[in-house]
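Just below is one structure, and these are the notes that go with it.
Number of protein chains: 2
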Amino acid sequence: MASLVPVTDPADPRLADYVRLRDVNLRKSLEAEHGLFIAEGEKVIRRAVAAGHPVRSVLMARRWFEPLADLLDGVDAPVYVADDAALEAITGFQVHRGALASLERLPLPGVDAVVAEARRVLVLEDLVDHANVGSIYRCAAALGIDAIVLSPRCADPLYRRAIKVSMGAVFAIPYARMTDRHGDLAKLRATGFTLLALTPDQAATPLDGAATGGRVALMLGSEGDGLSSRWLDEADQRVCVPMSARAMANGVDSLNVTAAAAIACHALVRDIPS
Amino acid sequence: MASLVPVTDPADPRLADYVRLRDVNLRKSLEAEHGLFIAEGEKVIRRAVAAGHPVRSVLMARRWFEPLADLLDGVDAPVYVADDAALEAITGFQVHRGALASLERLPLPGVDAVVAEARRVLVLEDLVDHANVGSIYRCAAALGIDAIVLSPRCADPLYRRAIKVSMGAVFAIPYARMTDRHGDLAKLRATGFTLLALTPDQAATPLDGAATGGRVALMLGSEGDGLSSRWLDEADQRVCVPMSARAMANGVDSLNVTAAAAIACHALVRDIPS
Numbered sequence: 011m012a013s014l015v016p017v018t019d020p021a022d023p024r025l026a027d028y029v030r031l032r033d034v035n036l037r038k039s040l041e042a043e044h045g046l047f048i049a050e051g052e053k054v055i056r057r058a059v060a061a062g063h064p065v066r067s068v069l070m071a072r073r074w075f076e077p078l079a080d081l082l083d084g085v086d087a088p089v090y091v092a093d094d095a096a097l098e099a100i101t102g103f104q105v106h107r108g109a110l111a112s113l114e115r116l117p118l119p120g121v122d123a124v125v126a127e128a129r130r131v132l133v134l135e136d137l138v139d140h141a142n143v144g145s146i147y148r149c150a151a152a153l154g155i156d157a158i159v160l161s162p163r164c165a166d167p168l169y170r171r172a173i174k175v176s177m178g179a180v181f182a183i184p185y186a187r188m189t190d191r192h193g194d195l196a197k198l199r200a201t202g203f204t205l206l207a208l209t210p211d212q213a214a215t216p217l218d219g220a221a222t223g224g225r226v227a228l229m230l231g232s233e234g235d236g237l238s239s240r241w242l243d244e245a246d247q248r249v250c251v252p253m254s255a256r257a258m259a260n261g262v263d264s265l266n267v268t269a270a271a272a273i274a275c276h277a278l279v280r281d282i283p284s
Numbered sequence: 011m012a013s014l015v016p017v018t019d020p021a022d023p024r025l026a027d028y029v030r031l032r033d034v035n036l037r038k039s040l041e042a043e044h045g046l047f048i049a050e051g052e053k054v055i056r057r058a059v060a061a062g063h064p065v066r067s068v069l070m071a072r073r074w075f076e077p078l079a080d081l082l083d084g085v086d087a088p089v090y091v092a093d094d095a096a097l098e099a100i101t102g103f104q105v106h107r108g109a110l111a112s113l114e115r116l117p118l119p120g121v122d123a124v125v126a127e128a129r130r131v132l133v134l135e136d137l138v139d140h141a142n143v144g145s146i147y148r149c150a151a152a153l154g155i156d157a158i159v160l161s162p163r164c165a166d167p168l169y170r171r172a173i174k175v176s177m178g179a180v181f182a183i184p185y186a187r188m189t190d191r192h193g194d195l196a197k198l199r200a201t202g203f204t205l206l207a208l209t210p211d212q213a214a215t216p217l218d219g220a221a222t223g224g225r226v227a228l229m230l231g232s233e234g235d236g237l238s239s240r241w242l243d244e245a246d247q248r249v250c251v252p253m254s255a256r257a258m259a260n261g262v263d264s265l266n267v268t269a270a271a272a273i274a275c276h277a278l279v280r281d282i283p284s
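Residue numbers (our numbering), protein chains in the order written: chain A, 11 to 284; chain B, 11 to 284.
What follows is the structure, given as structure tokens:
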């Protein structure tokens with residue numbers, strides 16, 4: 011049974027998990043140091059708890075207690091209650107979704123483990139935008155991608171904004187983080203995966219003609235630069251979403267990475283019975 | 011040749027086009043009343059001008075003059091120059107992209123005219139989120155959709171945020187706004203279009219089996235509610251992006267509207283030689 015603890019002082023050390031939630035650099039180091047992450051909103055908090063993440067504490071406006079009461083009944087952690095002004099003073103933004111939870115990270119599985127039973131895998135190279143990462147997780151989970159592998163420097167799926175944009179899908183799809191950005195790609199191939207590199211380059215094979223017969227790992231690059239030349243070279247096949255010739259002539263020459271990822275995920279899972 | 015006019019006073023009436031750019035309601039009425047819209051950033055301003063929109067004025071930090079000098083050479087409108095603090099005081103936000111232009115709207119073509127030569131059309135029903143509208147325009151233009159038809163209440167593609175997210179694609183694809191939300195659908199069908207309704211309902215026909223042989227108009231609904239029952243009833247066929255059974259069991263039961271639109275546009279244009 012959770013204990014309700016009224017709080018008013020933004021400097022209260024018990025609220026240290028929740029400070030300056032919009033300060034990306036601060037949050038990165040704070041969350042890494044303490045092995046925590048922040049989930050926002052009832053639905054996402056429920057998914058995080060269901061995925062086995064222990065709750066460190068909850069912070070909310072009192073009116074949000076009822077919708078979460080059943081969940082908090084089973085949680086042995088303090089539930090801090092504050093008014094809207096105090097919530098904003100603590101977190102640095104207006105907490106529209108009412109409830110925040112600080113949860114413990116769990117050890118990530120290794121790349122080997124996460125792809126062991128997988129047939130369709132995404133490999134994300136150095137995406138820096140948390141919203142894009144969240145959006146790709148949501149797509150991948152909804153469409154039936156089996157697992158995601160992140161390059162060592164790819165943005166954190168458990169960053170608050172990534173979780174929020176993913177609608178909690180970051181808890182629904184297994185993922186691992188590479189320790190060796192080139193060696194781990196080679197290992198994927200050795201495990202029987204065909205490595206496809208998604209590129210805007212229209213000289214590449216259109217997605218519908220891609221070699222998707224066996225196990226497939228689709229590599230996606232960052233928003234601006236795309237895949238590194240090293241990863242492009244590692245690919246068994248380069249694939250593209252065909253652009254309209256008229257659009258290219260008009261200077262509309264690219265999709266955003268999440269639109270391209272959605273199309274690619276759909277193409278990848280299409281031929282597999284679920 | 012544009013004249014450079016230094017400005018400092020946020021209340022200067024010559025800057026009335028640029029006030030409170032983040033105040034959606036104010037901007038809607040102001041832009042409608044004066045028949046203007048705001049383009050932000052060099053690339054987007056160039057596209058707006060290339061699309062034939064007369065420039066009312068430009069507002070920028072002085073350092074942004076050079077990159078736009080060639081364009082402004084041909085523009086007979088005042089170029090207001092302000093420092094960053096004044097820019098923020100006028101517009102209500104930090105103008106990262108350096109240059110803003112106020113441009114005149116052009117009369118939109120009618121639905122009949124915009125679809126006359128089209129084979130692939132999107133019909134957007136009551137989307138309220140400007141970023142989603144912009145993102146769908148970008149996808150549609152890049153993939154080769156011929157035209158877009160908006161329901162009477164659909165969000166404005168020339169709202170600043172929609173233009174920005176579209177990367178200027180709102181200037182690259184012809185569009186019209188319905189005056190009669192039901193009659194205009196019937197007219198599309200009478201013109202030979204098969205009306206497809208995209209729905210998350212998994213009982214619908216998977217996209218890959220959709221009736222895309224002839225002229226196709228794909229209807230997309232709003233973020234939360236989807237298509238209205240009236241529009242669903244008007245459809246010749248309801249189509250869906252197949253979701254993963256595992257994901258549905260895990261509660262990941264939907265794609266965001268822009269991901270679904272990307273997949274649908276790709277499916278729609280796939281069989282047409284460009």
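Beta carbons are placed, not taken as given, at the ideal position from N, Cα and C, and that holds for glycine.
ask   = With a cut-off of 8 Å, do at least 3 Cβ pairs link the segment 31-40 of chain B to the segment 99-113 of chain B?
value = With a cut-off of 8 Å, the segment 99-113 of chain B and the segment 31-40 of chain B count as touching, because enough Cβ pairs lie within range.
key: L208/B versus H106/B: straight-line alpha-carbon distance, rounded   = Going by C-alpha positions, L208/B is about 37 Å away from H106/B.
key: Any C-beta of chain B under 8 Å from that of L78/A   = So, not an interface residue.
key: Proximal residues, the segment 170-194 of chain B versus chain A, C-beta separation under 7 Å   = Those would be A179 and A182, in chain order.
task = Provide the residue span of the alpha helix (DSSP H) that contains S145/B, from first to last.
result = For S145/B, the uninterrupted alpha helix (DSSP H) run begins and ends at H140 to L153, by DSSP.
message = According to DSSP, is G219/B part of a helix, a strand, or is it coil?
response = Of the three classes helix, strand and coil, the one that applies to G219/B here is helix, per DSSP.
message = Please list, in chain order, the chain A residues whose beta carbon lies closer than 7 Å to that of C149/B.
response = Ordered by position in chain A, the residues that pass the 7 Å Cβ test against C149/B are L265 and A269.
request  = Out of S264/B, A277/B, F203/B and E233/B, state which residue places its alpha-carbon closest to the alpha-carbon of E244/B.
outcome  = Among S264/B, A277/B, F203/B and E233/B, the Cα nearest to that of E244/B belongs to F203/B.
ask   = Can the beta-carbon of A152/A be found closer than 8 Å to that of V125/A?
value = No; because the gap between Cβ atoms is not below 8 Å, this pair is not in contact.
message = Helix, strand or coil, according to DSSP, for F103/B in the structure here?
response = If DSSP states are grouped into helix, strand and coil, F103/B belongs with coil.
key: Reduced DSSP category for S284/B - H, G, I as helix; E, B as strand; rest coil   = A caution first: S284/B carries a pLDDT of 46, below 50, which makes its placement in the model too unreliable to give a value.
ask   = Rounded to whole angstroms, how far is the Cβ of V143/B from the Cβ of A165/B, which I believe are closer than 8 Å?
value = Taking 8 Å as the upper bound for CB-CB distance, V143/B and A165/B are in contact here, some 5 Å apart.
task = Rank P64/A, A141/A, A172/A and C149/A by C-alpha distance to the C-alpha of L132/A and give the top, closest one.
result = Nearest option by C-alpha distance: C149/A.
request  = Pull up the DSSP beta-bridge partners for T18/B, would you.
outcome  = DSSP output for T18/B lists no bridge partner at all.
ask   = So, is P252/A buried or exposed, given that buried needs 16 or more other C-beta atoms within 10 angstroms?
value = Burial check for P252/A: the Cβ neighbour count within 10 Å reaches 16 or more, so the residue is buried.
Which listed residue (V138/A, A61/A, P16/A and A26/A) has its alpha carbon closest to that of D93/A = The shortest CA-to-CA distance from D93/A to any of V138/A, A61/A, P16/A and A26/A is the one to P16/A.
inquiry  = Check whether chain A comes within 8 Å of L153/B, counting only Cβ atoms and requiring the distance to be less than that.
reply    = Residue contact check for L153/B against chain A: a CB pair falls below 8 Å.
message = Quick check: what's the CA-CA separation for L195/A versus A21/A?
response = Distance between the alpha carbons of L195/A and A21/A: 45 Å.
request  = Please confirm if A272/A has its CB atom under 8 Å from at least one CB of chain C.
outcome  = Among the protein chains of the structure shown, namely A and B, there is no chain C.
inquiry  = Contact defined as beta carbons within less than 8 Å: I believe V180/B pairs with A141/B. What is the distance between those atoms, to the nearest angstrom?
reply    = So it is not a contact: roughly 12 Å between Cβ atoms.
ask   = Is T201/B closer than 8 Å to V249/B when the C-beta atoms are compared?
value = The answer is no: Cβ separation not under 8 Å.
key: Contacting residues, own chain, Cβ-Cβ under 7 Å from G236/A (five flanking each side not counted)   = Excluding residues within five positions, the ones whose Cβ falls inside 7 Å are T209 and P210.
inquiry  = In the DSSP output, which residue or residues are listed as bridge partners for S112/A?
reply    = For S112/A, the pairing in a beta bridge is given by DSSP as I48/A and S67/A.
message = So, does the segment 37-47 of chain B touch the segment 271-280 of chain A, judging by three or more C-beta pairs under 8 Å?
response = In short, these stretches do not touch, since the Cβ pair count stays below three.
ask   = Which residues, taken in chain order from the segment 237-265 of chain A, show a beta carbon closer than 9 Å to some beta carbon of chain B?
value = Cβ contacts with chain B come from V251, P252, M253, S254, A255, R256, A257, M258, N260, G261, V262, D263, S264 and L265.
query = Is the shortest distance between the beta-carbon of D139/A and the beta-carbons of chain B less than 8 Å?
reply = False, the Cβ-Cβ gap to chain B never drops below 8 Å.
key: Run of the beta strand (DSSP E) containing L134/B, from where it starts to where it stops   = Segment R130 to L134, the beta strand (DSSP E) holding L134/B.
message = Once the 5 residues before and after R56/B are set aside, which same chain residues still bring their CB inside 7 Å of it?
response = Closer than 7 Å at the Cβ level, and outside the excluded window around R56/B, lie L81.
ask   = the segment 88-113 of chain A: which residues have C-beta closer than 8 Å to a C-beta of chain B, in chain order?
value = Those residues of the segment 88-113 of chain A placed with their C-beta closer than 8 Å to a C-beta in chain B do not exist.
Helix, strand or coil at V124/B according to DSSP, with G and I counted as helix = When DSSP states are grouped into helix, strand and coil, V124/B belongs to the helix group.
query = From V226/B to L206/B, what distance separates their C-alpha atoms?
reply = One C-alpha to the other measures close to 7 Å.
key: Straight-line gap, L242/A to I146/B (C-alpha atoms, nearest Å)   = One C-alpha to the other measures close to 28 Å.
task = Determine, using beta carbons only, whether R280/A comes closer than 8 Å to chain B.
result = Closer than 8 Å to some Cβ of chain B, the Cβ of R280/A qualifies, so yes.
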